[in-house]
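Trainee: The structure's right below; bear with me while I get my questions together.
Chains as they are written, first to last, in my numbering: chain A, 10 to 257; chain B, 24 to 430.
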């Protein structure tokens, strides 16, 4: 599904990401761990094609196609969807109107909006005056309308109260895994995800397959998500940095 | 008679007086507009092109959804019909003959010697529309009026009076447009509006001029206790020069005024648009909202609030988008407080569309063009109601074109 090969990215004249190799197989949900400033958000934004992230080396392959230099909307049309941490306010554009344009009438917007407790925000301007949790729920509503095959989620649980985490976690699980009950079925379902998490809270709601640790702009390690999370909690990222980077 | 003589002298003395703002227009370049055009019984009898021009200025030729229509082409009232007898809508000259008291309302808010444009309008004894909503009458649909420049190289002079009596509520849509083949012309419009105790006036003006048209409206609205004014002004099409600075005087306790301005300056256009509110009574409120876009023209968005009475509250918002390197946006907010117990605030911002916003929408699958169009549409949406479907389609097309050209 997604393959990142030797990717190096420059931001504001500095190399921020270097020689990143990473895969998200079809039907897999992979996790990206890493300390603050490691470059996790920059990595996801580079995958989506946002400006300001100059690829100086490497490739991004999506479903066998080299999308390294494709525009943002072309990547979205091919099935990549992103939830960023701080989406911009879009004054004057009602959430309802945006979701309608995104969905192209594929889904029952009202039903999803209701399940995300977003019905009362539909006539509000997108993100204007939204709280942390409301922004996340609005992003998920938009992603549900977009229906991508690869979800890039940047800290879906940050800035969210406990009640909202539950709604958000369950919705993400529904979006990615649908009704699938096992890994085999998930492969059939063909939805994949790459999720950044600091706290690992989201793992209470989503079955993850593999995790990568990003430190100092490059992938240091990969492995079982729960084991890695446990190790990071026990020993911190210092050990990852000390540990010789493995071939991923 | 003495009073009239005085006005005449003042007007004559001001015939060369340039306006405080806007490029000076030489009146001698224009002929006097015809006053003897043929009367149009039914607006639906107009040819398709003329009907389309009316629709694009918000005027419905069939009169559907309207309670009255008045059309003035050049200096001639060419159509006047009313379907709601509770409302008075007639040519001003006719109303002057009918109501002796009307003289007290004329040249009362707008001064004849404000500048040469007001002076000429007085000296030409300009005709226009007279609209009156009698005491307690609430209209369910708007009155529509159209001011059209029908002849080439003329100056049209217009004088309008609107009176909303106590506890009455009136909606007015005024569309301004240009006839086929009129390349160059000048529109001068005097409007004096009175909203009496607890009355409400919703006034929407749509300007749909063409490339070489000069426009100099002069408008003052007087609001009594508890009165409300919602003033919407839309100009999205190319025009040579508009300079307008309508003023609302909040003279009665608790009066409220809101001005919404949405404007686009195309290449070659110079727009100098403002709105001014004078808080002369306690507990008065006002909101001045301006959303302007330049695609290559020059635009100045002014806003002024003068606070003379306690416990008043006003907010001014000037936002401007620059979609082209050739264009200029100026925001000029002025706040003046002459008492201590008053709150006046403003926010002004000019600049290009944030790249971050465009990319956000693109990440949802919208093309760059669609994303810019959606942002521009949202930017210009200040919630103006009562716009006919045809005009809304025209507005959407114009916005889509702006989005396309902004790339």
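Glycine included, every Cβ here is placed at the ideal spot set by N, Cα and C.
Treat the numbers as computed from the prediction; the structure is a model and nothing was measured.
Can you find a CB in chain B that lies within less than 7 Å of the CB of residue 256 of chain A?
Mentor: On the first chain, residue 256 of chain A is found 247 positions in, with the first residue counted as 1. Because residue 256 of chain A sits at a pLDDT of 48, beneath the cut-off of 50, its placement in the model cannot be relied upon, and the point is left open.
Trainee: For residue 256 of chain A, count neighbouring Cβ atoms within 10 angstroms of its own Cβ and tell me buried if that reaches 16, exposed if not.
Mentor: Here the question's residue 256 of chain A lines up with position 247 in the first chain. Caution applies to residue 256 of chain A, whose pLDDT of 48 falls short of 50 and renders its modelled position unreliable; the value that the coordinates give is listed next. It is exposed - the Cβ of residue 256 of chain A has fewer than 16 other Cβ atoms within 10 Å.
Trainee: Assuming residue 223 of chain A and residue 41 of chain A are in contact, meaning their beta carbons sit under 8 Å apart, how far apart are those beta carbons, in whole angstroms?
Mentor: Locating residue 223 of chain A in the first chain gives position 214, where the first residue counts as 1. Locating residue 41 of chain A in the first chain gives position 32, where the first residue counts as 1. About 6 Å separates the beta carbons of residue 223 of chain A and residue 41 of chain A, which is inside the 8 Å limit, making them a contact pair.
Trainee: Whose C-alpha, out of B/168, B/258, B/315, B/226, is nearest the C-alpha of residue 271 of chain B?
Mentor: Translated into the one-based positions of the second chain, residue 271 of chain B becomes position 248. Checked all of B/168, B/258, B/315, B/226; the closest Cα to residue 271 of chain B is B/226.
Trainee: Assign residue 186 of chain A to buried or exposed, taking buried as 16 or more other Cβ atoms, counted over all protein chains shown, within 10 Å of its Cβ.
Mentor: In the first chain, residue 186 of chain A corresponds to position 177, counting from 1. With 16 or more other Cβ atoms within 10 Å, it is buried.
Trainee: Run down chain A in chain order and give the residues with a C-beta less than 7 Å from the C-beta of residue 387 of chain B.
Mentor: Stepping through the second chain from its first residue, residue 387 of chain B is reached at position 364. The answer, in chain order, is 85, 111, 151, 155.
Trainee: Identify whether residue 107 of chain B lies in helix, strand or coil by the three-state DSSP scheme.
Mentor: Stepping through the second chain from its first residue, residue 107 of chain B is reached at position 84. Coil, per DSSP.
Trainee: Spell out the partners DSSP gives residue 236 of chain B in its beta bridges.
Mentor: Residue numbering aside, residue 236 of chain B sits at position 213 when the second chain is read from its first letter. B/208, per the DSSP bridge assignment.
Trainee: Examine chain B for any beta-carbon lying closer than 7 Å to the beta-carbon of residue 165 of chain A, and answer yes or no.
Mentor: Start at 1 with the first residue of the first chain, and residue 165 of chain A comes out as number 156. Not one chain B Cβ lies under 7 Å of residue 165 of chain A.
Trainee: Please tell me whether residue 82 of chain A has its Cβ less than 7 Å away from any Cβ of chain B.
Mentor: In the first chain, residue 82 of chain A corresponds to position 73, counting from 1. Taking Cβ atoms only, chain B reaches closer than 7 Å to residue 82 of chain A, which makes this a yes.
Trainee: Kindly list the residues whose CB is nearer than 6 Å to the CB of residue 19 of chain A, restricted to its own chain and excluding five residues on each side of it in sequence; keep chain order.
Mentor: Locating residue 19 of chain A in the first chain gives position 10, where the first residue counts as 1. So the list reads 63, 65, once near-sequence residues are dropped.
Trainee: Going by the beta-carbon positions, is the gap between residue 202 of chain B and residue 247 of chain B smaller than 7 Å?
Mentor: Reading the second chain from its first residue, position 179 is the one you call residue 202 of chain B. Reading the second chain from its first residue, position 224 is the one you call residue 247 of chain B. Contact flag unset, no.
Trainee: Evaluate contact between the region 182-202 of chain B and the region 225-245 of chain B, counting only Cβ atoms and requiring at least three cross-stretch pairs below 8 Å.
Mentor: Because the criterion of three Cβ pairs below 8 Å is met, the region 182-202 of chain B and the region 225-245 of chain B touch.
Trainee: In whole angstroms, what is the alpha-carbon distance linking residue 107 of chain B and residue 104 of chain A?
Mentor: To locate residue 107 of chain B, count along the second chain from 1; it is residue 84. To locate residue 104 of chain A, count along the first chain from 1; it is residue 95. Straight-line Cα distance between these residues: approximately 39 Å.
Trainee: Using a Cβ-Cβ cutoff of less than 8 Å, which residues in the same chain neighbour residue 133 of chain A once the five nearest sequence positions on both sides are dropped?
Mentor: For the purposes of this step, residue 133 of chain A is taken as residue 124 along the first chain, with counting starting at 1. Excluding sequence neighbours, residue 133 of chain A sits near 103, 104, 139.
Trainee: Just to confirm, are residue 324 of chain B and residue 280 of chain B a CB contact at a threshold of 7 Å?
Mentor: Against the second chain, residue 324 of chain B aligns to sequence position 301. Against the second chain, residue 280 of chain B aligns to sequence position 257. Cβ distance not < 7 Å, so residue 324 of chain B and residue 280 of chain B don't count as in contact.
Trainee: Using the three-state DSSP reduction, which class does residue 206 of chain A fall into: helix, strand or coil?
Mentor: Within the first chain, numbered from 1, the residue matching residue 206 of chain A stands at position 197. Looking at residue 206 of chain A - three-state DSSP - the assignment turns out to be coil, as it is neither helix nor strand.
Trainee: Is it a yes or a no for the region 122-133 of chain A touching the region 48-58 of chain A, going by three-plus beta-carbon pairs under 8 Å?
Mentor: no
Trainee: According to DSSP, is residue 256 of chain A part of a helix, a strand, or is it coil?
Mentor: Counted from its first residue, the first chain places residue 256 of chain A at position 247. Low confidence applies to residue 256 of chain A: its pLDDT is 48, below 50, so where it sits in the model is not reliable enough to give any reading.
Trainee: With a threshold of 7 Å between beta carbons, is residue 117 of chain B in contact with chain A?
Mentor: Taking the first residue of the second chain as 1, we reach residue 117 of chain B at position 94. Residue 117 of chain B does not count as touching chain A.
Trainee: Inspect the beta-carbon positions of residue 297 of chain B and residue 85 of chain A and report whether they are closer than 7 Å.
Mentor: Here residue 297 of chain B is taken as the residue at index 274 of the second chain, counted from 1. Here residue 85 of chain A is taken as the residue at index 76 of the first chain, counted from 1. Not a contact, by the Cβ cut-off of 7 Å.
Trainee: On the three-pair Cβ rule with 8 Å, is the region 163-178 of chain B touching the region 117-133 of chain B?
Mentor: no
Trainee: Taking only three categories from DSSP, how would you classify residue 219 of chain A?
Mentor: Counting from 1 along the first chain, the entry for residue 219 of chain A is found at position 210. Reduced to three states, the DSSP call for residue 219 of chain A is strand.
Trainee: 7 Å is my cut-off, CB to CB: does residue 404 of chain B come that close to chain A?
Mentor: As a position in the second chain, residue 404 of chain B is number 381, starting the count at 1. It does; some Cβ of chain A falls within 7 Å.
Trainee: In chain B, which residues lie less than 8 Å from residue 57 of chain A when you measure between Cβ atoms?
Mentor: Mapped onto the first chain, residue 57 of chain A falls at position 48. Under the 8 Å cutoff, chain B gives 386.
Trainee: Excluding sequence positions up to five away, which residues of its chain have a Cβ less than 7 Å from the Cβ of residue 289 of chain B?
Mentor: If you number the second chain from 1, residue 289 of chain B lands on position 266. Exclusion of the five residues before and after residue 289 of chain B leaves 261, 318, 319, 320 as the residues of its chain whose Cβ lies within less than 7 Å of its Cβ.
Trainee: Say whether chain A places a C-beta atom closer than 7 Å to the C-beta of residue 380 of chain B.
Mentor: Numbered from its first residue, the second chain carries residue 380 of chain B at position 357. Judged by the 7 Å Cβ criterion, residue 380 of chain B is in contact with chain A.
Trainee: Using 10 angstroms around the beta-carbon of residue 61 of chain B, count the other beta-carbons present and answer buried if the total reaches 16, otherwise exposed.
Mentor: The count along the second chain starts at 1 and reaches residue 61 of chain B at position 38. Burial call: exposed.
Trainee: Let me know the alpha helix (DSSP H) ranges lying completely inside the region 63-150 of chain B, each 4 residues or longer, listed in chain order.
Mentor: 71-78, 115-121, 139-146
Trainee: Can you give me the Cβ contacts of residue 360 of chain B inside the same chain, cut-off strictly under 8 Å, excluding the 5 residues immediately before and after it?
Mentor: In the second chain, residue 360 of chain B corresponds to position 337, counting from 1. The residues are 330, 367.
Trainee: List, in chain order, every chain B residue whose beta-carbon is nearer than 8 Å to that of residue 50 of chain A.
Mentor: The residue you call residue 50 of chain A lines up with position 41 of the first chain. The premise fails here: residue 50 of chain A is roughly 14 Å from chain B at the closest Cβ pair, so nothing lies under 8 Å.
Trainee: What does the alpha-carbon distance come out to for the pair residue 67 of chain A and residue 15 of chain A?
Mentor: Here residue 67 of chain A is taken as the residue at index 58 of the first chain, counted from 1. Here residue 15 of chain A is taken as the residue at index 6 of the first chain, counted from 1. Going from the Cα of residue 67 of chain A to the Cα of residue 15 of chain A covers about 5 Å.
Trainee: Measuring straight from C-alpha to C-alpha, what distance separates residue 74 of chain B and residue 123 of chain B?
Mentor: To locate residue 74 of chain B, count along the second chain from 1; it is residue 51. To locate residue 123 of chain B, count along the second chain from 1; it is residue 100. Roughly 36 Å between the two C-alpha positions.
Trainee: Over the uninterrupted alpha helix (DSSP H) stretch that includes residue 295 of chain B, give me the two end residues.
Mentor: In the second chain, residue 295 of chain B corresponds to position 272, counting from 1. From DSSP, residue 295 of chain B is part of no alpha helix (DSSP H) but of the beta strand (DSSP E) over 293-302.
Trainee: For residue 229 of chain B, which option in B/244, B/255, B/37, B/217 has the closest C-alpha, if you only look at C-alpha atoms?
Mentor: On the second chain, residue 229 of chain B is found 206 positions in, with the first residue counted as 1. That would be B/255, whose Cα lies nearest to the Cα of residue 229 of chain B.
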